[in-house]
Amino acid sequence: MAVNADYHTAMFLLAFDTSMAACSVCVYDTGSGKVLAANFNPMDKGQAEALAPMVELTMQQAGIGFSQLHRVAVTTGPGTFTGIRIGLAFARGLGVSLAIPVIGINSLQAIAANEASRSYPIIVTSDARGGDIYIATFDAEGRELTPPAIVKRESIDQVLPAHCCLVMGSAGDAIVKGSPHIRSTSGDVPVAANFVHLAALLIPAGYPPEPLYLRPPDVKLPIVYNSVGIEAARLLAEIHGECFDHPWSETSFGELLANRAVAAIVASNQQVPVSFVLFRNAVDEAEILTICTRPALRKQGLAKALLQQMESQLKTAGIKSLFIEVAVSNLAALALYVACGFQTAGLRKNYYDRGNGMREDAHIMRKGLTA
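Counting in my numbering, the sequence shown runs from 1 upward without gaps.
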């Protein structure tokens, strides 16, 4: 297996994938170029419950502790919305807790790594549903020729190479019919043990990888709002981890939700939690502790609708004033709150810790709630 020539010492890399119809994990030693342990389990759903135990098992089989890891690698998409967010949130959580870089690799390149024959260029296609297909092309060595794109199924012939290629991915059977291309049997979903050597060659970007959503998931009515308690601590930590560079832990959310003055409302779309607000009551005032929407679903009015839902609940409880602190540089959030009727009520100097000794002021914003 190829190993980065810049490596002077052995490094341990944990890689995993939940972006499509499987869950896979492996631990890789860059010094020897060997996979120390790997597990793969096909599944259409259930990756959220399967990933953590599979990671723990694979680490045990590899014979190393989490503190010995140097990097984490994860697939970023395209793929299922839920699967992508599960993998990225878990990877980001590990990266923060272990203080190590997180590397992203796109899912179609990960699938191309399944092919070991290296005899033909590669076309990777994956069913994107709704009559669409994800597609990317690679040379015989697996190097990307065209990045992931989304095309209509009826237009796929217009973007396929004319020369003979190996075809991989869940849409592969439909592609090879009546074409000069050859159907690969090397696997149609990412396998961590196969793509980890590619991830090992990538240089960390210095910031967490972003999801690769070629088609934003549609928000379809109705949006369902549910008040949640301490049992939702893991869910809130997962969503928070997608939205912030320094996310709160499951333990932190659990401790907050154990306080009777703290409450949370989760907004779900088609049974998938997409946004939440956490707030605290004190006499006739309330404070928003945090509010976030999954990155792929922003700018669709979810945060504003969630605030309205919360305000309605607070008014019923007799709350007269609602407060929130917002970083002075967070212009998008400031614009949202002003649009929702908040006004600046003060300034907290050096409120946010930005690391490396840097701190940032926060606006105190207030909104009066009238029945």
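Cβ atoms here follow ideal geometry from the backbone N, Cα and C, with glycine treated the same way. Just so it is clear, the structure is predicted and the values come from calculations on it, not from any experiment.
- Under the 8 Å Cβ criterion, the region 189-198 counts as touching the region 12-24, having at least three qualifying pairs.
- Closest in C-alpha terms to Glu144, from the list Cys164, His163, Ile111 and Asp157, comes Ile111.
- Closest in C-alpha terms to Leu202, from the list Ala62, Ile364 and Val74, comes Val74.
- The three-state reading of DSSP puts Ala113 in coil, since its state is none of H, G, I, E or B.
- The alpha carbon of Ala303 has as its nearest neighbour, out of Asp353, Ile288 and Val159, the alpha carbon of Ile288.
- By alpha-carbon distance to Leu57, the top candidate from Val25, Phe81 and Met43 is Val25.
- Secondary structure of Tyr225 (DSSP, three-state): strand.
- Residue range Leu331 to Ala339 is occupied by the alpha helix (DSSP H) that includes Tyr337.
- A direct Cα-Cα distance of roughly 19 Å separates Ala174 from Tyr120.
- Using a Cβ distance threshold of 8 Å, Thr76 and Leu212 count as a contacting pair.
- Within the model, the alpha-carbon separation for Ala345 versus Glu325 is close to 10 Å.
- Per DSSP, reduced to three states, the secondary structure at Ile156 is helical.
- Bridge pairing for Val27: Leu14 and Ala37 [DSSP].
- Assigned with DSSP and collapsed to three states, Ile103 falls in strand.
- Between Ala50 and Met43 a beta carbon distance of about 7 Å is seen, short of the 8 Å cut, so the two are scored as contacting.
- When the beta-carbon positions are compared, Val159 and Val167 stay at least 8 Å from each other.
- In this structure, Leu306 lies near Ile265, with their beta-carbon atoms less than 8 Å apart.
- Rounded to the nearest whole angstrom, the CA to CA distance from Pro147 to Ile105 is 12 Å.
- With a cutoff of 8 Å on beta-carbon distance, Val274 and Ser268 are scored as near each other.
- Short of 8 Å from the beta carbon of Asp132, and not among the five residues preceding or following it, lie these beta carbons of its own chain, in chain order: Ile150, Val151, Lys152, Arg153 and Arg215.
- One alpha carbon belongs to Lys315, the other to Ser249, and they sit about 30 Å apart.
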